Each structure stands twice: as structure tokens, then as C-alpha cells.
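Asker: Chains as they are written, first to last, in our numbering: chain A, 1 to 128; chain B, 129 to 256; chain C, 257 to 646; chain D, 647 to 1036.
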Amino acid sequence: MYSQKLMEHFLSPKNVGEIPDADGVGGEGNPVCGDVMKVYIKVEDDKIVDAKFQTFGCGAAIAVSSMITEMAKGKTIEEALKISKEAIAEALDGLPPQKMHCSNLGADALKKAIQDYLSKRKTSEDVN
Amino acid sequence: MYSQKLMEHFLSPKNVGEIPDADGVGGEGNPVCGDVMKVYIKVEDDKIVDAKFQTFGCGAAIAVSSMITEMAKGKTIEEALKISKEAIAEALDGLPPQKMHCSNLGADALKKAIQDYLSKRKTSEDVN
Amino acid sequence: MRAYFDHVATNPLDPRVLEAMLPYFKDEFGNAQSVYDLGLRARDAIELARQRVASLINCKPSEIIFTSSGAEANNFAIRGIALARQNRGKHIMVSRVEHHSILNSARFLERSGFEVTFLPVDNYGMVDPETVKKFITKETTLISIIHASSEVGTIQPLKEIGKIAKEHDIVFHTDAVSSTGNIPVDVQELGVDLLSLAANQFYGPKGAGALYVREGLRIVPLIYGGVQEGGRRAGTENVPAIVGMGVAAELAKEELIERMAHVKGLRDRLVVGLTSHIEDIQYTGHPQERLPGHASFLVEYIEGEAMLLMLAHKGIYAASGSACSSKALKASPVLLSMGIPSHLAQGSVVFTLGKDNTLEEVEYCIEEFPKIVERLREISPFKKGWQQAV
Amino acid sequence: MRAYFDHVATNPLDPRVLEAMLPYFKDEFGNAQSVYDLGLRARDAIELARQRVASLINCKPSEIIFTSSGAEANNFAIRGIALARQNRGKHIMVSRVEHHSILNSARFLERSGFEVTFLPVDNYGMVDPETVKKFITKETTLISIIHASSEVGTIQPLKEIGKIAKEHDIVFHTDAVSSTGNIPVDVQELGVDLLSLAANQFYGPKGAGALYVREGLRIVPLIYGGVQEGGRRAGTENVPAIVGMGVAAELAKEELIERMAHVKGLRDRLVVGLTSHIEDIQYTGHPQERLPGHASFLVEYIEGEAMLLMLAHKGIYAASGSACSSKALKASPVLLSMGIPSHLAQGSVVFTLGKDNTLEEVEYCIEEFPKIVERLREISPFKKGWQQAV
Ligand SMILES: Cc1ncc(COP(=O)(O)O)c(C=O)c1O
Ligand SMILES: Cc1ncc(COP(=O)(O)O)c(C=O)c1O
């Protein structure tokens, strides 16, 4: 069902955990439906320099979280916003059809984290 | 399905054929239904001294015909009339339920042959 | 000598098929719905089998639903489509020469408020497409015609009937249990929307059948439950049987031409041999449009079951449509619907040849069977003709 | 190390069973309906299997109808009785903790104009006989209650419910697929009129199930066709599978007490081991009235499929009722009907032990599983509790 790449990211996920002083945090999903993802990012000069996640969910959800944080790191905010669910699935060598919603969640959680960063920056800019 | 005894009577039936100068002939059944039996008897002093049959039908029908002619031989008319379908089935070490009608046919054909003999005797007695 | 000439009843399992099944009886016993490797490998094995079966009849793998038998596939098709389309109409048509699993499913629908037309056939057991056309009404939602009769071998003009069905937006099913794996069966070419098949008819295992359902066609399940077979047929998948069916399908596809030529050669020899050595014997079914390994006869004045038992005593296995050889104790409705009188139908005998039969076996039968006929005619009151009745 | 703890999904085939099946894949390939020796031996083999299965559940051989699976038996029972008795009434009752094959058959009947009561259960997943009584109407013709839940192991009070059914002249069916062969199942003692079972749940083959139907009870067939199974279930008999089921039934009967003691010992050790090494874990289902080899849990803050995959990575095979581990992507209706909130149901994990499991395997699981739980909780945003939500 799952590709080997996906299984690797599931069994040894990268970027697990919180970033206590994150610049942006985004959560998506609901434990009632089975998956919750939380993405933390650290941004410098509009570039994502670090990303971490916490996920409650199935193997695919954990692997997607691992992959999306990997993909986000080093990208500019603009580039990161363009990471599509298809790109995530592809990076994992494919996802079973019924698991595609996991990559949706991942993309959405990252977007929310970036929006959180952008709105915080705006607020701090407004303050300054 | 069939007992060994039945198979023997089917594969090597006794008393096959016609008796050209039979004292009594009885037929039962209908080719449309699958079985036709014809029994011929030769009677001397109210005793069946010979019996033969011709049968169109399944393995059970042929075995029953063989058995009933065997059972009839040597019996008095009175005794032979008492041969029941159960007795035939038993003599063949049993018949499958759906084949019991074959032993019915056999008993009936023998009865008809005896009746034929009795009515002929009556006629000839009447003539004499 | 032993000569198994009853391939229409069931086929022996090809040893290559059994070999492929064995691992799934041993280490690879997982439930195909389980998420772990053991389950995934079972699922992969099922999907490979699905591809192979699909390839045999030229459809997509997703159009194959595995069942436990041809009878299940037939019940599923007839009742599943009739129910799915009942808002459009409640009239269906089947031929009079269908297998019991179609006839009795149709009768069940009749009792449930559907109207059923049982289409007549000609003396070869063939359905005339013009007759089909005549009985179509606005209410007709389904036509089901057997591909090849197991009793007389006749192959139906499915293509023509399929065209008529399509013109009238009627779903078209064929029971191809006796044909699939034995002659070319291509759902696109035949123009059918559904097709039933069974693995044991092409050297696969018992307990494995399938229904082809054209993509997009809605069908009501026969067996409800879990998500197996896309939610259309529940029950823990019989993985070894499905794997076996797949391998049998692949072998059938590869060897089809060869197998057909082989059984046809033997069959033709058998027909000539028997009809030239036996008097008052008729070859039933269509003389050309028939299964290549199928030889069916009526032998006058004697009865089928008796022939079968005497044949078996000589190691020759055959079938009959006589009343006494059936548990239901009724002469084959197929023979009767072809206009054959009951007393002749009692003399039915059917030899069906397979890939492993040999010419020696056929010659042996040509030698033995006439003697058996003679012996039984000796016993019969009709040995000089039917007029010798009681 | 490998530890197969998913016996509720399917069991490995007992090598003694496979041994008994093999001849029927080889020389003994005849169709059981054929009149000749090859067919008769197949038929005899089926009848012997029927006796063995009957003996396992204490009924007459003639009361056993072979099917292709537990799901088929369940569909057959529910729909066959509802239809056969529809002139008396059109109300049936099933519990909310039934297998999908019962629930979805009941829903099909609902769509066909029947009224269905889905009976509630308590926190152990148990049906209260008093509740059953409350919902009975004059129209009620059938009650179907699962014997033992495959998801939480709870054994239902069938005897009491059977008495109530009898008093009201209601036919009583039980789905005993997960219990038969694993605990004593006696149809007389349970007071059931119909009972479904499946061979792969007691080390028999896949593709073999059966329905017990009390003598004299009329049932409408699910699969129409020929005369097989007394005209009640058509299709060429799957002789090897039926033979295997018979042998598996015989072995299960002989070894039942021993097997029960074995799995219960292991199960109890597993429950103690896991609950003492893992925090925030709940044992689900009834603590005493349950299948002896069945251990089901809710592990908080993490999800079931992820647990299964990590377990499988360590060679341990288990099941889960979480949404993500099901193809339907819905949390187990059984767990929800027991009042378990959805987010907790996601953490479901089920270990089911079998006769060949060992204490070492159990100890291995007690060592590995807590580490897996810890690892997944590390990843979870809820690791400090559910309040940590998004
Ligand atoms: C309680 C119960 N009923 C029915 C079934 C369905 O049986 P099968 O998979 O043999 O169709 C299962 C399957 O595991 C089950 O556990
Ligand atoms: C034409 C035809 N249809 C259906 C069937 C039923 O198939 P099964 O016995 O696999 O249920 C048969 C069986 O031989 C058949 O010949």
C-alpha cells in the first residue's frame, strides 16, 4: 500500500517536535476524523530556516508531516506556499487514493503556519 | 450412491430378455418419465418357474428388474404378489431415496404380469 | 484405462495452478484487508489475479468482481442489475437454455414482482436475435443469454443480440461459465455489459468465479458487508482460490489456440467414431457453432444414467441430461426447449474433452461405448424401436 | 521475531487441514453432483465434513448448509428468513455491534420495505435482554445478535435472548463467526435457530463457511441454481475447502479446552503486561464475558493504523478499529455504539491470540509495544493530554 519512501519517513520521521519560539504555527485536522497536524516554522529573511511538526494520525499522516517540513526548509515563504498536495504525494513516491487527504492536511497546516507568521509580522510591523 | 449389490445386478443383470410363450406379461412406466419395465413370467402349478424382464431406465431400474425377477422365481403366485417395494430395496442393500420409485415400478410390473397370468387362466378356464 | 470426458462438470486442477496456490495456504495466509505486509502481499496477489482474469476477457481489472462460483456470479448479475434498474422498468429476458442459476434467479425475480420473458430457441438450442427484438418492451432493463450451452455446446449469436440490447439501452449479461477459457471470450467484441465465469471450467480451482461489470454500471450487491471487492462483494477474500484463478486464466490465454485445436481434433474423431458405430444416435446442438471439445448425443431406446454408470465402469466419465441422472429427476429443460421429446431426452449423453485427453482415450471410448449401447439395448423393451411400447 | 496476534482477521491454515485437502486438488477433483465414482467420493467427502461441522455445534448434519464465507452465511440468514416470513411481519432486530455483513444486510432490507431496529448496547458492547424485549412488536419475525464481538471480544447473553425470542415465536440467528471453534458453541444450549460460522476462524481454509438452519425452518436461498445443498445454496461445491472445514471442525472440537486455556493464559499475561507498562490505556469490552484469546485496548493520544504499522515493523501483527486503518475511513461503529468518543476510538488496537502463539511472543510484544506507544506519543501534539488540541 505504502511506498518504501513513505515507510521510511513514517518509521524515521524528520523534524519531529515543537519549536518553542516559532515564528509561525499552524494546525489542521481534528482527532475525531483521525488526523491532526501541527507545523512550526522559524523564518529568517523570508526564508524558512527550520520546520518541525507534531502529528496525531496514521502512517501516511506522519510521513506527509515529515516530508512537508523537509520540503519547506530552505524555501522562501513564497516558494513554500506553492507546495501542492500533489508535490508532497509525489515526493513520497505516491499515496494510496484514500490517503490523499493526508497530504491535503499537510499542505494546509504549512500554509496556516506561514499565514500565522505573516500575520504576526504584519502586527509587529504595524507596532513598529 | 448405489450399493455394491445393486451395482452387481446392474452390471450383470439376471433374467434379461423376453419369454416368447410367457404365461403372463406386465409392463409399467413410461419412457417420458424415464423408466419402463416389462416382466414376463412362466407359471407351472401356481409357481413361477421362470421370469424375465426388459427395462428402459437407470441403473437402479435395471438392478430392481434383475432382483425382482430373481425373487419371483420359485415363489407361488400368492407369495410373489406379496413382494413389497421395501423388500426389493432391502434385497439390493438399499436404494437412494430418489430411486425408490424404481422399486415401486418393479413391484407393479411383477403384479401386472401375475394379474395377466390370472386373467388369462380365468379366460382359458372359462373357455374349457 | 481412464478417460475423463466430463470437463463440463468440472476440470481437474492444473498442477501449475496448485503450485501457485500453495504458498497462500501456508506462510502467506494473511487477510487481504490487513494493513501490514502479510495483508498487503495477499492484496497484491489478488490484484495480480484480477489483472490476469481481466486480460483473459479483455476488460479492465477494476471491472472484475471475484465471486465464489459461476452460480453466484449469475445470481449477482441478474438480481443486481434488475434491482439497480427497477425504477426504469421491471421486465427482463433470459433464454430457455440458461443454466439453473439464471433460470431460478429469474423465477425469484418473477415472484418479487418482475416480469420475465423466457426466450424460445430453435432445434439447435439457439436464440434468434429477431425473437429477442420482438419481445423487447419499454420496461425491459436486462437481457441475459448464455454464451455456450454446457448441455449441447451451442454458441449463441451474442454480438447480434448485444447490438439490439445497446440500441434499446438494455443491459446485456452473458453466462460465459462454460466458454471462458475454452474459446476466445472478449467482452468488447461480444458487446456484453456483464459476464459470468468460473475458474474450475479452465483448470482453475473450485470456489473461484468472477463477474465482469462494465465500468460505470451500477449493480446492487448480492453479498453485503465490508469493503472487499470495492464494496460490491463482501467476505474474507479466498486468496488461494483467487490466485489460482489468475494463474489458470493466464495459462488459458497463452494456450488457448493450442487447446482448442487439440480438443476439436479429438471431438471430431469421437463424433465420427460413435455415429458410425452406433445406429439411431443423434448429434445434438449446433453442428458448427459449438464448443470445440463438446460432443452431445441422443442414443435411442436406452437411458442416460445407465450409460454413464456403464461408461464409468469402463473408466470413462461423461454426463447426461436425462431425468434419472439429475437429482431433480427431470429431463433437461434445455433439451426439451429444443423440441426434443422427453423419451429421447432420456437417452442424452455428453462427452466433453479437455486439454489432457489423448487420442488413445478417444479410441478406447469409440471401442467401448458402442458395446455399452448394444448391451443396454439388449435389456431395453424398445430395442426394436419406440413402437414396442408397453 | 514474528508474532501473529491477529487471529480475528484470519487464522493460519492448520497443516493437518491442508494435508486433508490436497487429494481433492489432485486426483479427487470430481464434481460432487456426478453420478460416477469420482463424483460419489467427492459427495461422500462433503457429507463427512458436514457431520464434523454439525458435531462441532451439536446439530444434525442435514441442518448445515455450506457457504463460501461468514459474510455469505450472514446475508443468507438475515435476508432468507426475513423474506420467508414476510407474510407474518416485516420487522427485524439486530444489535448495533454486528459485523458489517449483518448491518448492511439489515439496511438492504430496510430499503426493501422492512423495518429494522438497531439495538443499543452498554459500555461493554453488550445487549441487554430486557432491551430486546422492549422493542419486540407483533410484526417482529427475526432477531440477530452476534455471539462474540470480533472488535471487543464481548460475548452476548444469547441464551436469555433466545428464550425471549422463542416466547414470541421469533426466529433467532446468531453470527458466531468469531466464536465457533474458539469457545464452546452448542446451538441447542444457546437456543438459536440459525448460526453462521467460518472455517478460517478455526484454522480451516478461506472460502468455507456454513449456516446452521434448524430443521423445519423455511429459508429463501441467497444463491439460486441447482440442487446442491438440498437446493438451498447453488454452485459447484468447493470440495477441498469443505473437506478442510470438516477437518478443522473436528480438530477444534478435540482440542477446544486445551486451546482455550492456552490463549487465555497468554491473553491475561498480555493484558497485565501492557496495562502496567503503558499509561492512559483502556481495556475495552467485557472484562470477563469475552473471547479467551481477545485483548482490545484504547491507547490515548495516538492513532491505530500508525500503531499497527510500527508493530508490523517489529514483526507483530494486530488489528485496529480506527478510521484510518479501515478502507471505509470511519471509526468502528462498534466502538462508537459503546459510547466511546471518536478521538479515543482512533487509538483502538486489538491483539487476538491463537493456538500456536507462545509466551515468548507475548513477552516480546510487552517489551516492544510500550516503546512504540512512547514513540508515537513523542510525535503527537496530544502527548500531554487531549486539551493540547489545535
Ligand atoms: C463476527 C464476524 N462476522 C462475520 C464475519 C465475516 O466472515 P467472512 O470474512 O468469512 O465473510 C467476520 C469476519 O471476520 C466476523 O468476525
Ligand atoms: C453454463 C453454466 N453456467 C453456470 C454454471 C454454474 O457454475 P458454478 O458451478 O461454478 O456455480 C455452470 C456450471 O457448470 C455452467 O455450465
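Idealized CB from N, CA, C, for every residue including glycine.
Since this is a predicted model, take the numbers as computed values, not measurements.
Cutting at 7 Å between CB atoms, please list the residues of its own chain near GLY846 (chain D), excluding the five before and the five after it.
Answerer: The residue labelled residue 846 (chain D) in the question sits at position 200 within the fourth sequence. Note that residue 846 (chain D) is Asn in the sequence shown, not Gly. Closer than 7 Å at Cβ, skipping near neighbours: THR656, ASN657, LYS852.
Asker: Can you pull the chain D residues whose beta carbon is under 7 Å from the beta carbon of MET261 (chain B), in chain order?
Answerer: Limits of chain B in this structure are 129 at one end and 256 at the other, which puts residue 261 (chain B) out of reach.
Asker: Using the C-alpha atoms, what's the distance from ASN158 (chain B) back to GLN643 (chain C)?
Answerer: As a working mapping, residue 643 (chain C) is identified with position 387 in the third sequence. As a working mapping, residue 158 (chain B) is identified with position 30 in the second sequence. So the two alpha carbons sit approximately 13 Å from each other.
Asker: Along the chain, where does the beta strand (DSSP E) that runs through MET647 (chain D) open and close?
Answerer: For the purposes of this step, residue 647 (chain D) is identified with residue 1 of the fourth sequence, where counting begins at 1. Looking at the DSSP string, MET647 (chain D) is not in any beta strand (DSSP E), and its letter there is neither H nor E.
Asker: Please classify SER351 (chain C): does DSSP put it in a helix, a strand, or coil?
Answerer: Locating residue 351 (chain C) in the third sequence gives position 95, where the first residue counts as 1. Looking at SER351 (chain C) - three-state DSSP - the assignment turns out to be strand.
Asker: For LEU139 (chain B), go through chain C and note every residue whose CB falls closer than 9 Å to its CB, in chain order.
Answerer: Against the second sequence, residue 139 (chain B) aligns to sequence position 11. Residues of chain C passing the Cβ test: LEU565, MET566, HIS569.
Asker: Can you find a CB in chain B that lies within less than 8 Å of the CB of ASP300 (chain C)?
Answerer: In the third sequence, residue 300 (chain C) corresponds to position 44, counting from 1. With 8 Å as the cut-off, ASP300 (chain C) does not count as an interface residue toward chain B.
Asker: Starting from LEU944 (chain D), trace the beta strand (DSSP E) both ways and give me its first and last residue.
Answerer: Within the fourth sequence, numbered from 1, the residue matching residue 944 (chain D) stands at position 298. 940-945 is the span of the beta strand (DSSP E), which, as asked, contains LEU944 (chain D).
Asker: Can you list, in chain order, the residues of its chain with a C-beta nearer than 8 Å to that of GLY369 (chain C)? Leave out the 5 residues immediately preceding and following it.
Answerer: Mapped onto the third sequence, residue 369 (chain C) falls at position 113. If we look at GLY369 (chain C) and ignore the five residues flanking it on each side, its Cβ neighbours are LYS346.
Asker: Look at LYS120 (chain A) and ASP23 (chain A) and say whether their C-beta atoms are less than 8 Å apart.
Answerer: As a first step, residue 120 (chain A) is located in the first sequence; it is residue number 120 there, counting from the start. As a first step, residue 23 (chain A) is located in the first sequence; it is residue number 23 there, counting from the start. Yes, Cβ-Cβ distance for LYS120 (chain A) and ASP23 (chain A) is below 8 Å.
Asker: Say whether chain D places a C-beta atom closer than 8 Å to the C-beta of ILE479 (chain C).
Answerer: Taking the first residue of the third sequence as 1, we reach residue 479 (chain C) at position 223. Answer yes: the Cβ-Cβ gap between ILE479 (chain C) and chain D drops below 8 Å somewhere.
Asker: What would DSSP say about PRO543 (chain C), mapped onto helix, strand or coil?
Answerer: Here the question's residue 543 (chain C) lines up with position 287 in the third sequence. Here PRO543 (chain C) sits in coil by DSSP.
Asker: Closer than 7 Å to a non-hydrogen atom of ligand 2 - does that hold for the CB of ASN438 (chain C)?
Answerer: Here residue 438 (chain C) refers to the residue found at position 182 when the third sequence is read from its first residue. For ligand 2, not one heavy atom lies less than 7 Å from the Cβ of ASN438 (chain C).
Asker: For VAL646 (chain C), collect the residues of the same chain with a Cβ closer than 6 Å to its Cβ; drop the 5 residues on either side in sequence, then sort them by chain order.
Answerer: Your numbering for residue 646 (chain C) matches position 390 in the third sequence. The predicted model places VAL646 (chain C) with a pLDDT of 45, which falls under 50 and marks its position as unreliable, so this point remains unresolved.
Asker: Between which two residues does the beta strand (DSSP E) harbouring SER983 (chain D) extend?
Answerer: Here residue 983 (chain D) refers to the residue found at position 337 of the fourth sequence. From DSSP, SER983 (chain D) is part of no beta strand (DSSP E) but of the alpha helix (DSSP H) over 979-983.
Asker: Beta-carbon within less than 7 Å of THR197 (chain B)'s beta-carbon, same chain only, minus the 5 sequence neighbours each way: which residues are those?
Answerer: Stepping through the second sequence from its first residue, residue 197 (chain B) is reached at position 69. Hits under 7 Å: LYS142, ASN143, VAL167, ALA179, LYS180, PHE181.
Asker: Tell whether a beta-carbon distance below 8 Å holds between ALA811 (chain D) and LEU841 (chain D).
Answerer: In the fourth sequence, residue 811 (chain D) corresponds to position 165, counting from 1. In the fourth sequence, residue 841 (chain D) corresponds to position 195, counting from 1. Not closer than 8 Å, so no.
Asker: Taking CB distances under 8 Å as the criterion, tell me whether ALA497 (chain C) reaches chain D.
Answerer: Residue numbering aside, residue 497 (chain C) sits at position 241 when the third sequence is read from its first letter. Chain D, which has a Cβ nearer than 8 Å to the Cβ of ALA497 (chain C), makes this yes.
Asker: For the stretch 683-694 of chain D against the stretch 919-936 of chain D, do three or more pairs of beta-carbon atoms, one drawn from each stretch, fall closer than 8 Å, so that the two count as touching?
Answerer: no
Asker: Of all the CB atoms in chain D, is at least one closer than 8 Å to the CB of GLU485 (chain C)?
Answerer: Within the third sequence, numbered from 1, the residue matching residue 485 (chain C) stands at position 229. No, because no Cβ of chain D sits closer than 8 Å to the Cβ of GLU485 (chain C).
Asker: Considering only DSSP beta bridges, list what ALA965 (chain D) is partnered with.
Answerer: The count along the fourth sequence starts at 1 and reaches residue 965 (chain D) at position 319. DSSP output for ALA965 (chain D) lists D:VAL996 as bridge partner(s).
Asker: Quick check on the contact list: which residues have their beta carbon closer than 5 Å to a heavy atom of ligand 2?
Answerer: Near ligand 2, meaning a beta-carbon closer than 5 Å to one of its heavy atoms, we find C:SER325, C:GLY326, C:ALA327, C:HIS355, C:SER406, C:ASP431, C:VAL433, C:SER434, C:ALA454, D:GLY881, D:THR882.
Asker: Compute the minimum distance between the beta carbon of SER751 (chain D) and the heavy atoms of ligand 1, and state whether it is under 7 Å.
Answerer: Walking along the fourth sequence from the start, residue 751 (chain D) turns up at place 105. No, the Cβ of SER751 (chain D) stays beyond 7 Å of every heavy atom of ligand 1.
Asker: Quick one: which residues of the stretch 290-321 of chain C get their C-beta closer than 8 Å to a C-beta of chain A? List them in chain order.
Answerer: Shown in chain order are the members of the stretch 290-321 of chain C whose Cβ falls below 8 Å from a Cβ of chain A: VAL291, LEU296, ARG299.
Asker: CA-CA distance, PHE675 (chain D) and GLY881 (chain D)?
Answerer: The count along the fourth sequence starts at 1 and reaches residue 675 (chain D) at position 29. The count along the fourth sequence starts at 1 and reaches residue 881 (chain D) at position 235. Roughly 15 Å between the two C-alpha positions.
Asker: Give the straight-line distance between the Cα atoms of ILE801 (chain D) and GLU86 (chain A), rounded to the nearest whole angstrom.
Answerer: Taking the first residue of the fourth sequence as 1, we reach residue 801 (chain D) at position 155. Taking the first residue of the first sequence as 1, we reach residue 86 (chain A) at position 86. When rounded, the distance between both Cα atoms is 46 Å.
Asker: In this structure, how does DSSP classify LYS570 (chain C) when only helix, strand and coil are distinguished?
Answerer: Translated into positions along the third sequence, residue 570 (chain C) becomes position 314. Coil.
Asker: Considering only residues of the stretch 760-814 of chain D, which uninterrupted beta strand (DSSP E) runs meet the minimum length of 3 residues and lie entirely inside it, listed in chain order?
Answerer: 761-765, 786-792
Asker: Check the Cβ-Cβ distances between MET135 (chain B) and every residue of chain D, and say whether any is below 8 Å.
Answerer: Working through the second sequence from its first residue, we reach residue 135 (chain B) at position 7. Output row for MET135 (chain B): interface = no.
Asker: Do you know whose CA, among B:THR204, B:CYS161, B:VAL192, B:ASP236, lies nearest LEU223 (chain B)'s CA?
Answerer: As a working note, residue 223 (chain B) is residue 95 in the second sequence. Among B:THR204, B:CYS161, B:VAL192, B:ASP236, the Cα nearest to that of LEU223 (chain B) is on B:VAL192.
Asker: Just checking my contact of PHE943 (chain D) with ALA894 (chain D) at CB under 8 Å: how many whole Å lie between their CB atoms?
Answerer: Within the fourth sequence, numbered from 1, the residue matching residue 943 (chain D) stands at position 297. Within the fourth sequence, numbered from 1, the residue matching residue 894 (chain D) stands at position 248. At roughly 29 Å, the Cβ-Cβ gap does not stay under 8 Å, so PHE943 (chain D) and ALA894 (chain D) are not in contact.
Asker: Can you check which of these residues, C:ILE401, C:GLU485, C:TYR557, is closest to GLU648 (chain C) by C-alpha distance?
Answerer: Lying before the first or after the last residue shown, residue 648 (chain C) is absent from chain C, which here runs from 257 to 646.
Asker: Using only the heavy atoms of ligand 1, determine whether one of them is closer than 7 Å to the beta carbon of GLY855 (chain D).
Answerer: Walking along the fourth sequence from the start, residue 855 (chain D) turns up at place 209. GLY855 (chain D) Cβ: within cutoff of ligand 1.
Asker: Where do the N-terminal and C-terminal ends of the beta strand (DSSP E) with PHE428 (chain C) fall, by residue?
Answerer: Walking along the third sequence from the start, residue 428 (chain C) turns up at place 172. Start and end: 427-431.
Asker: Report back the beta-carbon spacing between ALA807 (chain D) and VAL773 (chain D) to the nearest angstrom; my notes put them in contact at under 8 Å.
Answerer: The residue you call residue 807 (chain D) lines up with position 161 of the fourth sequence. The residue you call residue 773 (chain D) lines up with position 127 of the fourth sequence. Looking at the sequence shown, residue 807 (chain D) is not Ala but Ile. With a Cβ gap of about 7 Å, ILE807 (chain D) and VAL773 (chain D) count as contacting.
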